[in-house]
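Q: Please read through the structure below; I'll follow up with questions.
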């Protein structure tokens, strides 16, 4: 009888150990699915918004004085302002080479930080002509829309942050180092590149 009780107690202990192991694996899988799912959703949202912004920049508005604010507004609208403040760190609007990369020339890149301190314009500097009208060095008027002189390739690069829900997977949050470097490190980035639509021969 005592032997039977010992066997039952041993089986119960083994079952508890097995349950603990299975539970740990199960929770790891659940947290992994949630974390990776939300991260993928954010990356997809930013990718779609970046493409929308680049499409606006390559269109009719692309070489006008309103070009940069139109690009940034399209990006912000595609993400939603309330969500954007927790995601977007900064945006580059730049002249790209044939491979879609920035040439490294700061004269052909406008850098805008996302900033909610001004309720009328969420970008610093603000390129909105109705506000300060301060844009970067790459004047939209220099973006060629002429077939004869060659169409400018415009790039939009979005640097964005990500905060993991739990520390269960051991990943550090991506905070873009608060803009202390150029380009910002510890960020995710998405880029969309398009050739300007021709407006003249």
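Residue numbers (the numbering used here): 41 to 241.
We put the CB at the ideal spot given by N, CA and C, even for glycine.
#1: Just to confirm my understanding: we take residue 100, look at its own chain, exclude 5 residues before and 5 after, and list those with CB closer than 8 Å. What are they?
#2: Pop quiz: residue 199 and residue 129 are said to be a contact at Cβ under 8 Å. What is the actual Cβ separation, rounded to whole angstroms?
#3: In the DSSP assignment, the beta strand (DSSP E) including residue 140 goes from what residue to what residue?
#4: Are at least three pairs of beta-carbons, each pair with one atom in the region 172-181 and one in the region 146-159, less than 8 Å apart?
#5: Go through the region 90-119 residue by residue and report every complete run of the alpha helix (DSSP H) that reaches 4 residues or more, in order.
#6: Where does residue 127 fall in DSSP's three states?
#7: Just to confirm before moving on: does the CB-CB distance between residue 97 and residue 119 stay below 8 Å?
#8: Can you tell me which of the three DSSP states residue 147 falls into?
#9: Does the separation of the CB atoms of residue 109 and residue 168 fall below 8 Å?
#10: Do residue 135 and residue 192 have their C-beta atoms closer together than 8 Å?
#11: Restricting to Cα atoms, I'd like to know which of 148, 82 and 133 is closest to residue 233.
#12: Taking the DSSP output, what are the residues bridged to residue 77?
#13: Taking the beta strand (DSSP E) that residue 21 belongs to, which residues open and close that run?
#14: In this structure, does DSSP put residue 196 in helix, strand or coil?
#15: Under the rule that 16 or more other beta-carbon atoms within 10 Å means buried, what is residue 56, buried or exposed?
#16: Straight-line CA distance for residue 47 to residue 59?
#17: Figure out for me which residue from 85, 182, 201 and 213 has the closest Cα to the Cα of residue 153.
#18: Leaving out the 5 sequence neighbours to the left and right, which residues in its chain are closer than 7 Å to residue 211 when beta-carbon positions are compared?
#19: Among all the DSSP beta bridges, which residues are the ones paired with residue 202?
#20: Quick one: what's got a C-beta closer than 6 Å to residue 131's C-beta in the same chain, skipping five residues either side?
#21: Please identify the residue among 214, 87, 126 and 143 whose C-alpha is closest to the C-alpha of residue 114.
A: So, from the listed chains and residues:
#1: 237 and 239
#2: 5 Å
#3: From DSSP, residue 140 is part of no beta strand (DSSP E); its letter is neither H nor E.
#4: yes
#5: 107-119
#6: coil
#7: no
#8: helix
#9: yes
#10: yes
#11: 133
#12: DSSP lists no partner for residue 77.
#13: This structure cannot settle anything about residue 21, because the visible part of the chain is limited to 41 through 241.
#14: strand
#15: exposed
#16: Any reading at residue 47 must be qualified, since the residue scores a pLDDT of 46, below 50, and its modelled position is unreliable; no value is offered.
#17: 201
#18: 204
#19: 214
#20: 152 and 198
#21: 87
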